[in-house]
Structure formats: structure tokens, C-alpha cells
Amino acid sequence: MKQFGYVRAGSVAEAVRIAGEEPDARFLGGGTNLVDLMKLGVATPRLLVDVSRLPLDRIEELPDGGLRIGATVRNSVLAADPAVRDRYPVLSQALLSGASGQLRNTATTGGNLLQRTRCAYFQDAAKPCNKRAPGTGCPAREGAHRDLAVLGHSEHCVATQPSDMAVALAALDATVHLHGPDGERSVPATDFHRLPGDRPEQDTEIRRGELITAVELPPARPGGNSRYRKARDRASFAFALVSVAAVLDVHEGAVRHAALAYGGLAHRPWRARAAEAVLHGASATEDTFARAADAELAAARPLRENGFKVALARNLTVGVLAGLAGSAARA
Ligand SMILES: Cc1cc2nc3c(=O)[nH]c(=O)nc-3n(C[C@H](O)[C@H](O)[C@H](O)COP(=O)(O)OP(=O)(O)OC[C@H]3O[C@@H](n4cnc5c(N)ncnc54)[C@H](O)[C@@H]3O)c2cc1C
Ligand code: SF4
Numbered sequence: 001m002k003q004f005g006y007v008r009a010g011s012v013a014e015a016v017r018i019a020g021e022e023p024d025a026r027f028l029g030g031g032t033n034l035v036d037l038m039k040l041g042v043a044t045p046r047l048l049v050d051v052s053r054l055p056l057d058r059i060e061e062l063p064d065g066g067l068r069i070g071a072t073v074r075n076s077v078l079a080a081d082p083a084v085r086d087r088y089p090v091l092s093q094a095l096l097s098g099a100s101g102q103l104r105n106t107a108t109t110g111g112n113l114l115q116r117t118r119c120a121y122f123q124d125a126a127k128p129c130n131k132r133a134p135g136t137g138c139p140a141r142e143g144a145h146r147d148l149a150v151l152g153h154s155e156h157c158v159a160t161q162p163s164d165m166a167v168a169l170a171a172l173d174a175t176v177h178l179h180g181p182d183g184e185r186s187v188p189a190t191d192f193h194r195l196p197g198d199r200p201e202q203d204t205e206i207r208r209g210e211l212i213t214a215v216e217l218p219p220a221r222p223g224g225n226s227r228y229r230k231a232r233d234r235a236s237f238a239f240a241l242v243s244v245a246a247v248l249d250v251h252e253g254a255v256r257h258a259a260l261a262y263g264g265l266a267h268r269p270w271r272a273r274a275a276e277a278v279l280h281g282a283s284a285t286e287d288t289f290a291r292a293a294d295a296e297l298a299a300a301r302p303l304r305e306n307g308f309k310v311a312l313a314r315n316l317t318v319g320v321l322a323g324l325a326g327s328a329a330r331a
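For the record, in the sequence shown the residue sitting at position 221 is 221 according to UniProt numbering, with numbers rising by one throughout.
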């Protein structure tokens, strides 16, 4: 590991100021991803600005019925919050499907959103990788890519976004709040992560020196229910091969509202707009759910080893939506 400086910020303004003065500074949340990458020589910041103890650790009710989640709220605290469990179960389930209890106790909301891809070439500093070292190539395209993208990839990168929480936030139409050298702004969670295009080194729309301060959830839909399901190689401590975050509101047998996002399929949480268009107003049957999945997954371009993800995503979609529709029918 290379030598680096460390400073603990006392306020948001101080964190942003210090990070703005050092081009190679990185914010430190729980450190569960960044410190690993530093040990591997993949991240080499000159300065860590510790933001983990900033007073951004509250979950607050908003006047419109939504929730504001501070950036330093720990993943375990967020998953266990009664309002989240009750009104946004998809978020609680997504968090609990990730990492381990110990990691969730340390990991923060801001850090979780910005964790980096688990592509094996990215994590090996001795290998070429356009995301880690732009212009060196993408060995994953022809090499080991079983876990990687089938949607929205480019010739420059086929990596997937690893955060389960981010997939739930995309389905919930959350908003990410940022504070940077040029002031405050907010970005819809669906637009926060990028597709790789010809700049795979840029995972998200965040600008240099910007700090995530909070994530806001809009009010939960009355009558809507939500669920997260994740397919992975083992039951815990594994990233998604495919995951589905779904919000469904069924009234008198027809879909009144549906929001669907996939994890494990793309460089960003994949909001399934084509599937939603099929679902809206249609009868809440397995046939409709399968047609919705097919409409979305028609755009898939699997690589040599990961075609199985398309069938897996279709099956997960039908199972999750049928489960939610069944709960609505029994309610
Ligand atoms: C063995 C293992 C298994 C895992 N399994 C899963 C899994 O199945 N699903 C899953 O979703 N995750 C999984 N994770 C990842 C884990 O969830 C992340 O490491 C964690 O959420 C990152 O949060 P952190 O606060 O520790 O981030 P850090 O490591 O502190 O930071 C991560 C990045 O975010 C930046 N950052 C941190 N806070 C802010 C902020 N407020 N504003 C701007 N930038 C910020 C840092 O500079 C850094 O670039 C796993 C991790 C491990 C080690
Ligand atoms: S898929 Fe992306 S992260 Fe993986 S080797 Fe290719 S460029 Fe690097």
C-alpha cells in the first residue's frame, strides 16, 4: 500500500473544501470497499477525507411522506429501520441480501452507492483494464465474463454495477443529493450510475470533489407492495448474478403501477421501462409478467459465457411479480 494522508472532516463544508484542495483525495465512508482497493493497489489516493462521522446519520420523515436518508447511515441501520421495512421493503431486502452482518454494520449509504465493480480484471492491478487504466483494453470481453453485463455494455467495458441497494433505489425513484465545490445539486437515482460507453472509468455522474449527503425516497404508493430477489452463486457473501427490484400495485386484477429494476445485468441499475410499459393497465397474470420481461430483455446482448443471465432474469421477474400480485390478491 502506498503512503497516504488522513484527515477527519468536522462538517460537510470542511470535507468538500479539503477534497477540493487535493486532486487525489477520496472520501472515506466505512472503508469496506476503498481500503480493500488500496490494499490491492487499485486505488492510490494521496489523502483520505474521513466523512463517516459527519452528522449525516439520520433517517428523517419528509413532509410529503417520503424519507431522507443521510449519507453516513449504516447499511444495517437502514435495513432495520421500521419505516423502511414497512413502506419500502424492497430497500430493506436489498440491503440484507448484500455482504455480511459485519460489513453492513460498517458500510455507509454514500459508500455503498459508489462501491466499484467486482470485475476480476479491474481488481488485479497487473492486468489491463479500461476502467482502472483507460486505454489499456478490456480483457473481460474475451476472457472471464460469466458475471458481467448483458445489457448496455460497450466494446470498452462489460462490467456490472455491484450495489444491491442501488437497484432498489432505482426502482423506488429515489434522488441522490450532492454537495460539491460548486454547491448543492440532486440527481435521480436512475441517472446516477452511467453506462460505460467510451468512458468506463467514470462509474457515475458524480463530479470531482462532490460529497453524497443524502438519498431521498418519494412517498410509498398506497396499495403498492415491493420486493427484492437476488440470484447468486451461494446463499450469502456473494454479489448478484441477476437481481430484481419490483414495486407493484394491482387493483381489481389489473396492474395500476409497476416499477422494475435489474441488478447484475449492466453497468448501472437497469430500470426496465419497456417491461413497465407492458405491465401498466394489463391483467396481473404470469403471461403478462413473462411478456414484460421479454420486452425488456429483447435488448440483451449476452457474451460467450453469460447468456444464462437472460433466462434467469426472465424467471426471476415472473416469480417476483407473481408473488407480489398474489400478496395483493390475498390482502
Ligand atoms: C466480501 C464482501 C462482500 C460484499 N457483498 C456485497 C453484496 O452482495 N452486495 C452489495 O451491494 N455490496 C456488497 N459488498 C460491498 C459493500 O456493500 C460495500 O463495500 C460498502 O457498501 C461500501 O460502503 P463504505 O461506506 O464502506 O464505502 P467506502 O469503502 O468507504 O467507499 C466506497 C467509495 O465511496 C466513496 N464515498 C464514501 N462515502 C462517500 C460520500 N458520502 N460521498 C462521496 N463519496 C463517498 C469513497 O471515496 C469510495 O470511492 C461486499 C463487500 C465485501 C467486502
Ligand atoms: S469489463 Fe470493464 S472493469 Fe472489467 S476488464 Fe473490461 S474495462 Fe475493466
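Glycine included, C-beta positions come from ideal geometry on N, C-alpha and C.
(request) Could you tell me whether the Cβ atoms of Ala245 and Val167 are closer together than 9 Å? (result) To locate residue 245, count along the sequence shown from 1; it is residue 245. To locate residue 167, count along the sequence shown from 1; it is residue 167. Yes.
(request) To the nearest angstrom, report how far apart Asp182 and Ala94 are at their CA atoms. (result) Taking the sequence shown and counting its residues from 1, one reaches residue 182 at position 182. Taking the sequence shown and counting its residues from 1, one reaches residue 94 at position 94. For Asp182 and Ala94, the distance between alpha carbons rounds to 33 Å.
(request) With DSSP as the reference, label Val49 as helix, strand or coil. (result) Walking along the sequence shown from the start, residue 49 turns up at place 49. Strand at Val49.
(request) Per DSSP, which residues does residue 348 bridge with? Please list them. (result) Outside the shown range of the chain, which is 1 to 331, sits residue 348, and nothing can be said about it.
(request) Below 8 Å on the Cβ atoms is my guess for residue 337 versus Leu265; work out the distance and round it to an integer in Å. (result) Since the first and last residues shown for the chain are 1 and 331, residue 337 lies out of range.
(request) Could you please give me the residues that DSSP links to Ser226 through a beta bridge? (result) Locating residue 226 in the sequence shown gives position 226, counting from the first residue. BP columns for Ser226 point to Val247.
(request) Label Tyr121 either buried or exposed according to how many other C-beta atoms from any shown protein chain fall within 10 Å of its C-beta, with 16 as the threshold for buried. (result) Locating residue 121 in the sequence shown gives position 121, where the first residue counts as 1. It counts as buried.
(message) I'd like to confirm the pairing. Which residues does DSSP put opposite Thr175 in its beta bridges?
(response) Locating residue 175 in the sequence shown gives position 175, where the first residue counts as 1. Partner(s): Pro188, Glu216.
(request) Note down the Cα distance separating Glu210 from Lys131, rounded to an integer number of angstroms. (result) In the sequence shown, the residue the question calls residue 210 occupies position 210. In the sequence shown, the residue the question calls residue 131 occupies position 131. Their backbone Cα atoms lie some 20 Å apart in a straight line.
(message) Is it buried or exposed, Tyr262, if we count other Cβ atoms within 10 angstroms and call 16 or more buried?
(response) Counted from its first residue, the sequence shown places residue 262 at position 262. With 16 or more Cβ atoms within 10 Å of its Cβ, Tyr262 is classed as buried.
(message) Taking the alpha-carbon of Arg273 as reference, which of Thr136, Leu297, Ser226 has the nearest alpha-carbon?
(response) Locating residue 273 in the sequence shown gives position 273, counting from the first residue. Comparing alpha-carbon positions, the option among Thr136, Leu297, Ser226 lying closest to Arg273 turns out to be Leu297.
(request) State whether the segment 185-199 contacts the segment 228-237, with contact taken as three or more CB pairs (one from each stretch) at a distance under 8 Å. (result) Result no; under three Cβ-Cβ pairs closer than 8 Å.
(request) Give me whichever residues DSSP pairs with Arg271 in a beta bridge. (result) Here residue 271 is taken as the residue at index 271 of the sequence shown, counted from 1. BP columns for Arg271 point to Ala261.
(request) Give the secondary structure of Leu56 by DSSP, where H, G and I count as helix, E and B as strand, and everything else as coil. (result) In the sequence shown, residue 56 corresponds to position 56, counting from 1. Note: Leu56 maps to coil in three-state DSSP.
(message) Between Val42 and chain C, is the shortest Cβ-Cβ distance under 9 Å, so that the two count as touching?
(response) No chain C is present in this structure, which holds just one protein chain.
(message) I'd like the ranges of any beta strand (DSSP E) spanning at least 3 consecutive residues and lying wholly in the segment 133-183.
(response) The segment 133-183 is shown to contain whole beta strand (DSSP E) runs of 3 or more residues at 175-180, in chain order.
(message) Going by the DSSP bridge assignment, what does Ser283 pair with across the sheet?
(response) Counting from 1 along the sequence shown, the entry for residue 283 is found at position 283. Answer is Ala254, bridged to Ser283.
(request) Note down the Cα distance separating Asp169 from Pro55, rounded to an integer number of angstroms. (result) Taking the sequence shown and counting its residues from 1, one reaches residue 169 at position 169. Taking the sequence shown and counting its residues from 1, one reaches residue 55 at position 55. The sequence given here has Leu at residue 169, not Asp. If you draw a straight line from the Cα of Leu169 to the Cα of Pro55, it is about 22 Å long.
(message) Among the candidates Ala83, Ala71, Val320, whose CA atom is the shortest distance from the CA of Glu61?
(response) Looking up residue 61 in the sequence shown gives position 61. Ranked by how close their Cα comes to the Cα of Glu61, the residues Ala83, Ala71, Val320 have Ala83 in first place.
(request) Run the proximity test for Val35: is its beta-carbon closer than 8 Å to any non-hydrogen atom belonging to ligand 1? (result) Locating residue 35 in the sequence shown gives position 35, counting from the first residue. Yes, the Cβ of Val35 comes within 8 Å of a heavy atom of ligand 1.
(request) Sort out for me which residues DSSP pairs Ala231 with in a bridge. (result) To locate residue 231, count along the sequence shown from 1; it is residue 231. Residue pairing of Ala231 in beta bridges, as defined by DSSP: Val242.
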